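Participant: In terms of the numbering used here, the sequence shown has 78 at position 59, counting the first letter as 1, and numbering is strictly consecutive. Just so it is clear, CB atoms sit at the ideal spot from N, CA and C, and this is done for glycine as well. These numbers were taken from a predicted model, which means no experiment stands behind them. Mind looking over this structure? Questions follow.
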Amino acid sequence: MRLYVGNLSFESTENDLQTAFAQYGSVTDVKIMTDRETGRSRGFGFVTMGGASEGQAAIAGLNGTDLGGRDLTVNEARPREERTQGSQRSFAGARRY
Numbered sequence: 020m021r022l023y024v025g026n027l028s029f030e031s032t033e034n035d036l037q038t039a040f041a042q043y044g045s046v047t048d049v050k051i052m053t054d055r056e057t058g059r060s061r062g063f064g065f066v067t068m069g070g071a072s073e074g075q076a077a078i079a080g081l082n083g084t085d086l087g088g089r090d091l092t093v094n095e096a097r098p099r100e101e102r103t104q105g106s107q108r109s110f111a112g113a114r115r116y
């Protein structure tokens, strides 16, 4: 089960999430999303638990709890939405000054 973890402290590491979620079952993957240009945390990430019951236990146990001075938001991750052509930036017609 893949979980969304929001409101992360910018100092939180993937190891911090691994440790926090491991108390609720097996953790198969941890990813904190980072800014492409700066490499800085974007304040959210994803944790994949070994099964649905472990995921539900982690949601119940960690949603609203403090990690690194911030209250976590933990819920089941939604499938990634496909981007349409209109949502992508296009600089082909941009003027240069």
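State the CB to CB distance for the pair valine 46 and methionine 68, rounded to an integer number of angstroms; the pair is presumed to be in contact (CB under 8 Å).
Facilitator: Yes, they are in contact, since the Cβ atoms of valine 46 and methionine 68 sit about 6 Å apart, within 8 Å.
Participant: Identify whether glutamate 33 lies in helix, strand or coil by the three-state DSSP scheme.
Facilitator: DSSP places glutamate 33 in helix when its eight states are reduced to three.
Participant: Classify alanine 77 as buried or exposed, calling it buried when 16 or more other Cβ atoms lie within 10 Å of its own Cβ.
Facilitator: Answer is buried; the Cβ neighbour count reaches 16.
Participant: Determine the burial state of glycine 74: buried for a count of at least 16 other Cβ atoms within 10 Å of its Cβ, exposed for fewer.
Facilitator: Burial call: buried.
Participant: Buried or exposed: where does serine 72 fall if 16 or more other Cβ atoms within 10 Å of its Cβ makes it buried?
Facilitator: By the 10 Å Cβ count, serine 72 comes out exposed.
Participant: Flag this pair as yes or no: are the beta carbons of phenylalanine 63 and methionine 52 separated by less than 8 Å?
Facilitator: Cβ distance < 8 Å, so phenylalanine 63 and methionine 52 count as in contact.
Participant: Tell me whether glutamate 73 sits in a helix, a strand or coil according to DSSP, three-state version.
Facilitator: The answer is helix: DSSP assigns glutamate 73 an H, G or I state.
Participant: Going by alpha carbons, who is nearest to asparagine 26 out of Arg61, Asp35, Ala96, Gly70?
Facilitator: Among Arg61, Asp35, Ala96, Gly70, the Cα nearest to that of asparagine 26 belongs to Arg61.
Participant: Pull up the CB-CB distance for valine 93 and valine 24, whole angstroms please, since I reckon it's below 8 Å.
Facilitator: Confirmed, Cβ separation roughly 5 Å.
Participant: Three-state secondary structure (DSSP) at leucine 27?
Facilitator: Here leucine 27 sits in coil by DSSP.
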